Amino acid sequence: MQSVTTGSSRLSGFVHFCHGASFTKDEREFPSAMQTEGATIILREITKTFGKARTELVALKKVSLEVAPREFVALIGPSGCGKSTILRMLADLEVPSDGQILIDGSPPSAIRQRHQLGVAFQQPALLPWLSVAENIAFSLKIAGKTADQDTIEDWVELVGLQPFRRFRPSQLSGGMQQRVSIARALALHPRLLLLDEPFGALDEMTRQQLNLELQRIWSEHPMTAVLVTHSIAEAVFLADRVVLMSQRPGTIKEILQIDLRRPRQLADMRTPEFHRVCDRVSELLFER
Ligand SMILES: Nc1ncnc2c1ncn2[C@@H]1O[C@H](COP(=O)(O)OP(=O)(O)OP(=O)(O)O)[C@@H](O)[C@H]1O
Ligand SMILES: [Mg+2]
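In terms of numbering that gives the first Met the number 0, the sequence shown opens at residue 0 and continues consecutively.
Rendered as structure tokens:
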């Protein structure tokens, strides 16, 4: 079987082989990846309040959303409307005040405990005493997955950090730390990938390259993805559906299906069709 050609041959081979019948060395190293099909998410009338009495703040009000296995959903909305709170609840870091969250029919704690959750949040939260490569290897180890040096090197290469592979987080720029965090989340081959403005600190060129890589990895590997972004173009480029949220208390204003042909190329971002979709998102987002 042939592997797809990208900058990262061994990884591409692994991802590609996931859909094939024959076993490869890489599959034996990541057996759990073959058993996953992407998670199903159900948010049922989620309300989230912080604080009590006079300090009470309603962050989210009756948010309902269903995400299908292997779907890519982008959340977009004004600052403070509760996007990160939704991701934190999906990651089992917060609990709803009211309503129900089910991932594959169970509360979010179940997928987290099975180590089938990959997260890259606004703050990269790397282990400061470990190098770039060691941070990636460590998260695999915690998840009970073994990875050889070559595989780790592939992930380091994928996010363009080979020259910095031995650097500690304090020696990296904010954008570089974000890239380690993304590699760490993807290396787990999660059933559910949660990304909170993962590319916010990156220059436009790196951001677009990583958007492209993310699309490739997501399309070749069975995972459901929920991305929070402030970039309309990024949401439209990556997502099957864009969920538009209102000002706090956050509610879902509108859900837009993005029917642009896949795989999407960076050149597509310059087409009139792409601009039309972005304009529509922008119109809906800013209308009162
Ligand atoms: N732990 C917390 N305690 C108290 N209030 C909180 C907490 N976490 C979030 N909030 C409040 O909930 C609201 C939603 O916050 P959240 O971080 O989800 O917004 P966001 O949509 O991700 O914003 P941004 O786009 O700026 O990242 C905000 O008003 C915030 O102050
Ligand atoms: Mg946020």
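Note that beta-carbon positions come from the ideal geometry of N, C-alpha and C, so glycine has one too. Source: prediction; values computed, not measured.
The alpha-carbon separation between Lys252 and Phe198 amounts to approximately 24 Å. By the criterion of at least three beta-carbon pairs nearer than 8 Å, the region 52 to 61 is in contact with the region 241 to 250. Pro95 and Lys47 do touch by the CB rule: their CB atoms are close to 6 Å apart, below 8 Å. Here Gln256 is bridged, per DSSP, to Arg240.
The Cβ atoms of Thr39 and Leu101 lie closer than 9 Å to each other. With fewer than 16 other Cβ atoms inside 10 Å of its own Cβ, Gln170 counts as exposed. A direct Cα-to-Cα measurement between Ser138 and Asp258 gives close to 35 Å. Per DSSP, Phe49 is not a residue of any alpha helix (DSSP H); the beta strand (DSSP E) it occupies stretches across 40 to 49. Using a 10 angstroms sphere on the CB of Lys51, the tally of other CB atoms stays under 16, which defines it as exposed. Gln99: member of the beta strand (DSSP E) spanning 97 to 102, first to last residue.
Remark: the shortest separation between the CB of Lys60 and any heavy atom of ligand 2 does not fall under 8 Å. When beta bridges are read from the DSSP output, Leu116 appears opposite Leu191. For Phe71, the pairing in a beta bridge is given by DSSP as Ala224. For Asp103, the number of other beta carbons within 10 angstroms of its own is at least 16, and it is reported as buried. When DSSP reads this structure, Ile251 sits in a beta bridge with Met244. Around the C-beta of Gly143, fewer than 16 other C-beta atoms lie within 10 Å, and the residue is accordingly described as exposed. Bounds of the beta strand (DSSP E) holding Leu64 are 56 to 66. If you check the CB distance, Ala90 and Arg111 come in under 9 Å.
Look at Ser105 here: in three-state DSSP terms it is strand. A straight line joining the alpha-carbon of Arg287 with that of Gln121 spans about 28 Å. In this structure Cys277 does not touch Ala224 by the C-beta definition: roughly 20 Å separates them, more than the 8 Å allowed.
Taking the C-beta atoms as reference points, Gly81 is found nearer than 9 Å to Met244. Contact holds between the region 63 to 70 and the region 207 to 223, because three or more Cβ pairs, one in each stretch, are under 8 Å apart. Bounds of the alpha helix (DSSP H) holding Cys277 are 271 to 285. Exclusion of the five residues before and after Trp154 leaves Ile135, Ala182, Ala186 as the residues of its chain whose Cβ lies within less than 6 Å of its Cβ. In the three-state scheme derived from DSSP, where H, G and I count as helix and E and B as strand, Phe137 is classed as helix. Straight-line spacing of the CA atoms in Trp217 and Val235 works out to 15 Å. One Cα belongs to Ala266, the other to Arg275, and the distance between them is close to 15 Å. Distance from the CA atom of Trp128 to the CA atom of Leu255, rounded to whole angstroms, is 43 Å.
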